[in-house]
Each structure stands twice: as C-alpha cells, then as structure tokens.
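Per our numbering, the sequence shown starts with residue 536, numbered consecutively. Note sheet for the following structure.
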Amino acid sequence: MKAAIMGYGTIGSGVARVLSENRDIIKAHALDDIELKYVLDVRDFPGDPINEKIVHDYKVIVDDPEVKLVVETMGGVEPAYTFVDAMLRAGKNVATSNKALVAAKGAEFIATAKENNVNFMFEASVGGGIPIIRVILKCVTGDEIESIYGIVNGTTNYMLSAMAEKDVSFDEVLKEAQSLGYAEKDPTADVEGFDAARKIAILTSLAAGRQVDFEDFPTEGITKIEKADIAFAKENGMKVKLIAAMDKSGDSYFVRVAPFLVSKESPLFAVDGVMNAILVRGNMLGDSMYYGSGAGSLPTASAVVGDLVEEARHVNKHVDFTWEPSKVKLLDPDEQSFRYYVRKGTECHITGMMKEHDFLSGEGKDCDHFIRLL
Ligand code: HSE
536 MKAAIMGYGT IGSGVARVLS ENRDIIKAHA LDDIELKYVL DVRDFPGDPI
586 NEKIVHDYKV IVDDPEVKLV VETMGGVEPA YTFVDAMLRA GKNVATSNKA
636 LVAAKGAEFI ATAKENNVNF MFEASVGGGI PIIRVILKCV TGDEIESIYG
686 IVNGTTNYML SAMAEKDVSF DEVLKEAQSL GYAEKDPTAD VEGFDAARKI
736 AILTSLAAGR QVDFEDFPTE GITKIEKADI AFAKENGMKV KLIAAMDKSG
786 DSYFVRVAPF LVSKESPLFA VDGVMNAILV RGNMLGDSMY YGSGAGSLPT
836 ASAVVGDLVE EARHVNKHVD FTWEPSKVKL LDPDEQSFRY YVRKGTECHI
886 TGMMKEHDFL SGEGKDCDHF IRLL
C-alpha cells in the first residue's frame, strides 16, 4: 500500500523514520506493506535519500490512484485544509497530527470522509504518543464521561516543573526552555494556553459527539505565575499545573484551561517535566489516567503511524463515529465552584469553596493573583 507525507518537518520526518525502521512490524499489523511513495514539502533535501520522494505540488498525490494513505504534518489551518479536503475527496485516507486543523475542521472532515468512504484520523493531535482519542472513541464507550482533566502541554509543564525545582522566574525558565528546544521562539500558543485549549476542545467534542470551539470557553495560560505562587504551593504540598478541564453537568459542559493548584492526592500531581497525562472519569469506570510522551518527533509519529495501520486495515470502509458540527451547550464558567489560592501583597491563603462569580465580585476583585484548586 502506498503512502504520502505532507510536511517533512519534525513530525513528518519522524513518520518516515517509523515507517522505515518498523516496516516489518507495521506490515504484520496492517496486513499489508506500507511503502512511502511521496513527501510533499516546499523544500528540497539534497543529500538526504528522502529527496527522491519529494514533490512540491500536492496534486501529484491527489492524482495518483496508487496512494491510499496520506499523512498531514504541515501544521496550521491553511493550506493543510485545502490539501486534506482534496485527498479525502480523491478517495484517500488521511492521518494528521495537526490540532489546529482538527479543532477547527474535525467535524467537517469526518463528514467528508464518510461521503467518500475513507477515514480521517487524528490520534496524534492530542497527547502526542498517548492514545487518548482511541480511549474515548473505542474504549470508554459504555460510560458517560463525566470529566476530563489533562496536562496536555509539555512545554508549560516543563516550565512549571523547572520553576518549582530550581526556584527560577517565568522569564528565566522560558529562556531555558527555548534554548533546549522545548518552547518555540514565539511561545504564545503554549504559554497562553491556546494549544491546551485546542486539545480539550477536541477531547470534549469527541466525548459529547458535537462541536466545541475553543474560542467559546475561558483560557488562561501560565504567564502570571510568580515565584511566590510556586513557593506557596510547595510549602503546602501542592504543585501548580496548567490543566485543560472538562466537567459534564446534565447535557452541558464546563470547559476551561487554567493553572490549578494540584494536591498530592491527585494522580496529576506526579506528572512532571515534558510528560503529559489525561485523567478520564467515567460514571461506571471511575478514574483512569493515561500518561506518556505528549510531544516530540517519534512519540507523535508513533501515533500517526498507528492511525495509518488502522486505515490500512479499513481501506474502502469508513469507520464511523459521531462528531456533529452543531455546537455543544457550554455552561457559564462563573457558575462553577472552586476553592481559591489568593495572593495579596505578601499575604497568601486558601478560601473555602465558592461560586466563581461570588469570588470574582468579592475577594477575587482586589487581590494580586489567584489560582483555583483542583
Ligand atoms: N507545543 C506542544 C506541547 C507540542 O508543548 O505540548 C505538542 O502538541
């Protein structure tokens, strides 16, 4: 079976490596050999054996009926949207790691895939190598999923862990994370929480079977976290973590991304450094947590290739699941109740449980900083 990769960056080159190094094991699982035929990129790679597979026009792949499997690892919504749409309409299965594309166009692509009797899969878009999407779509299917709490951004988890371990400021740790290649030159999507927001929007859409737009729920990153907050957490046996949270209430959902103070009793407490973990609560299952490498070339490529194997096993058969374009009802986030850590001047304390709007109109209004408790 012939495959193509669109975008030969960190993840795309990882996919090529997994396909080559694990060719035999992939063949055994896919029940067919998966051979890489094309790599679409704007660049050439002289001296690299991949160069002979490079094409610059996506229509070469669209027009080749031999190619049944296409990987999209370009990132961003355009031109990825145009290319993926064309591939599905040409009868090709697509696997992507691109969370921006999935969060914005997932429901539409699933409908297009169904119309064309192919598959659109996106395991690598959340949690890197952690197979969390398969858990929601194929495993915890006898349960009502009551909540999902995830540490789904490796960059910010690394930064918060380093701030606690080394007693350094946000600015210092950001510079270090950038020099180690964990944080990008423009770190906005990670440190402002937008990357995590896209990921919890995807997970909630799948749990609910309908669309959740990340613009519709509150997102707060880690840029306001100061050394004093980290020190208070440490003294009180807690850690600050950026949590992507979903809580179901009736047929509606509270969704938010924010820093939370996490106590030792939570399984998320032990998740440090670049690792990711997603805690899923089912009404029958209770708690289950999925932990692993949430980013990076090979862990993410491993998830993409897992999708290719699944697609190779279902050529000419659309594997259906529900993600309708109509929107999920999101609840007013100010109606949710939390305990809060409050910092005013050099004074810090933790409040009792109260509704967000009571807190925001009282103590929350004139404090210097607050963080919710998980
Ligand atoms: N920037 C993301 C992270 C990459 O740090 O987790 C993986 O989606």
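All residues carry an ideal CB built from backbone N, CA and C; glycine is no exception.
Original post:
When the Cα atoms are used, what is the spatial distance from isoleucine 885 to tyrosine 875?
Top reply: For the pair isoleucine 885 and tyrosine 875, the Cα-to-Cα distance works out to about 5 Å.
Subject >> Strand pairing of alanine 630, partner residues [DSSP] >> reply: According to DSSP, alanine 630 shares a beta bridge with Val606 and Met656.
Subject >> Alpha-carbon to alpha-carbon, glycine 880 and leucine 820 >> reply: Taking the straight line joining both Cα atoms gives about 44 Å.
**OP:** Return yes when at least one heavy atom of the ligand HSE lies under 6 Å from the C-beta of asparagine 688, else no.
**Re:** Checking the Cβ of asparagine 688 against the ligand HSE gives yes.
**OP:** Less than 8 Å between the CB atoms is what I'm expecting for leucine 866 and serine 740, so what's the real figure, rounded?
**Re:** Separation of the CB atoms of leucine 866 and serine 740 is rounded to 16 Å, and the pair is thereby denied contact status at 8 Å.
Original post:
Roughly how many angstroms lie between the CA atoms of tryptophan 858 and aspartate 748, to the nearest whole one?
Top reply: One Cα belongs to tryptophan 858, the other to aspartate 748, and the distance between them is close to 13 Å.
Original post:
Roughly how many whole angstroms lie between the Cα atoms of proline 860 and valine 606?
Top reply: Cα to Cα, the separation comes out at about 23 Å.
**OP:** Please name the residue or residues paired with cysteine 883 in a DSSP beta bridge.
**Re:** The partner list for cysteine 883 (beta bridge, DSSP) reads Arg878.
**OP:** Let me know the secondary structure DSSP gives histidine 564 once reduced to three states.
**Re:** Residue state, collapsed to three classes: helix.
Subject >> beta strand (DSSP E) segment containing serine 828, residue limits >> reply: That run of the beta strand (DSSP E) goes 821–828.
Original post:
In whole angstroms, what separates the C-alpha of glutamine 713 from that of glutamate 719?
Top reply: So the two alpha carbons sit approximately 6 Å from each other.
Subject >> Presumed contact (8 Å Cβ cut-off) between alanine 731 and leucine 777, rounded CB distance >> reply: With a Cβ gap of about 6 Å, alanine 731 and leucine 777 count as contacting.
**OP:** May I have the straight-line CA-CA distance separating cysteine 883 from tyrosine 717, to the nearest angstrom?
**Re:** Each residue's Cα considered, the two are about 31 Å apart.
**OP:** Please go through the same chain and pick out, in chain order, the residues whose beta-carbon is closer than 7 Å to the beta-carbon of isoleucine 645, but skip the five residues on each side of it.
**Re:** The beta carbon of isoleucine 645 sits closer than 7 Å to those of Phe655 and Trp858, all from its chain and outside the five residues before and after it, given in chain order.
**OP:** Could you check what DSSP says for arginine 907 in three-state terms: helix, strand or coil?
**Re:** If DSSP states are grouped into helix, strand and coil, arginine 907 belongs with the strands.
Subject >> Any beta strand (DSSP E) of 3 or more consecutive residues that is wholly inside the segment 796–823 >> reply: 810–817, all fully within the segment 796–823.
Original post:
Taking 6 Å as the cut-off, is the CB of aspartate 592 close to at least one heavy atom of the ligand HSE?
Top reply: Checking the Cβ of aspartate 592 against the ligand HSE gives no.
**OP:** Under 8 Å Cβ to Cβ from serine 787, same chain only, skipping five residues before and after it: list those, please.
**Re:** Once the five neighbours on either side are set aside, the close Cβ partners of serine 787 are Val863, Lys864, Leu865 and Leu866.
Original post:
So what does DSSP say about leucine 575, is it helix, strand or coil?
Top reply: DSSP places leucine 575 in strand when its eight states are reduced to three.
**OP:** Determine the extent of the beta strand (DSSP E) in which valine 775 is found, giving its start and end residues.
**Re:** Where valine 775 is concerned, the enclosing beta strand (DSSP E) stretches over 773–784.
Subject >> Outcome for glycine 808 when other beta-carbon atoms lying within 10 angstroms are tallied against a minimum of 16 >> reply: Answer is exposed; the Cβ neighbour count stays below 16.
**OP:** Verify the contact flag: alanine 830, CB atom, against every heavy atom of the ligand HSE, threshold strictly below 6 Å.
**Re:** Checking the 6 Å criterion, the Cβ of alanine 830 is within range of a heavy atom belonging to the ligand HSE.
Original post:
Beta carbon of aspartate 730: closer than 6 Å to some heavy atom of the ligand HSE?
Top reply: It does: the Cβ of aspartate 730 is within 6 Å (strictly closer) of some heavy atom of the ligand HSE.
Original post:
From which residue to which residue does the alpha helix (DSSP H) around glycine 549 run?
Top reply: 545–556 is the extent of the alpha helix (DSSP H) around glycine 549.
Original post:
Based on Cα-Cα distance, which residue from Val629, Ser801 and Asp568 lies nearest to valine 597?
Top reply: It is Val629 whose Cα lies nearest to the Cα of valine 597.
Original post:
Between the segment 637–644 and the segment 564–573, do three or more beta carbon pairs fall short of 8 Å?
Top reply: Touching, no, given that fewer than three Cβ pairs across the two stretches are closer than 8 Å.
**OP:** Could you check what DSSP says for arginine 791 in three-state terms: helix, strand or coil?
**Re:** Strand at arginine 791.
Original post:
How long is the line joining the alpha carbons of isoleucine 757 and valine 595, rounded to whole angstroms?
Top reply: Going by the C-alpha atoms only, they are around 44 Å apart.
Original post:
Three or more beta-carbon pairs under 8 Å between the segment 840–852 and the segment 681–695, yes or no?
Top reply: No, the segment 840–852 is not in contact with the segment 681–695.
**OP:** Would you mind reading off the limits of the beta strand (DSSP E) that contains lysine 862?
**Re:** Annotation for lysine 862: the continuous beta strand (DSSP E) segment containing it runs 859–862.
Original post:
In whole angstroms, what is the alpha-carbon distance linking alanine 538 and valine 550?
Top reply: If I take the Cα positions, the gap works out to 11 Å.
**OP:** Name the two residues that bound the continuous beta strand (DSSP E) containing alanine 731.
**Re:** Looking at the DSSP string, alanine 731 is not in any beta strand (DSSP E); the run it does join, the alpha helix (DSSP H), is 729–743.
Original post:
Ordered along the chain, which non-local residues of its own chain (more than five positions away) have a Cβ less than 8 Å from that of leucine 895?
Top reply: Excluding sequence neighbours, leucine 895 sits near Asp869.
Subject >> Start-end ranges of the beta strand (DSSP E) lying completely within the segment 642–691, minimum 3 residues >> reply: You should have 680–686.
Subject >> Validate contact between the segment 822–832 and the segment 653–671 using beta carbons, cut 8 Å, 3 pairs >> reply: Touching, yes, given that three or more Cβ pairs across the two stretches are closer than 8 Å.
Subject >> Whole-number beta carbon distance between valine 653 and histidine 904, since they are thought to touch under 8 Å >> reply: Contact doesn't hold; Cβ gap of about 49 Å is too wide.
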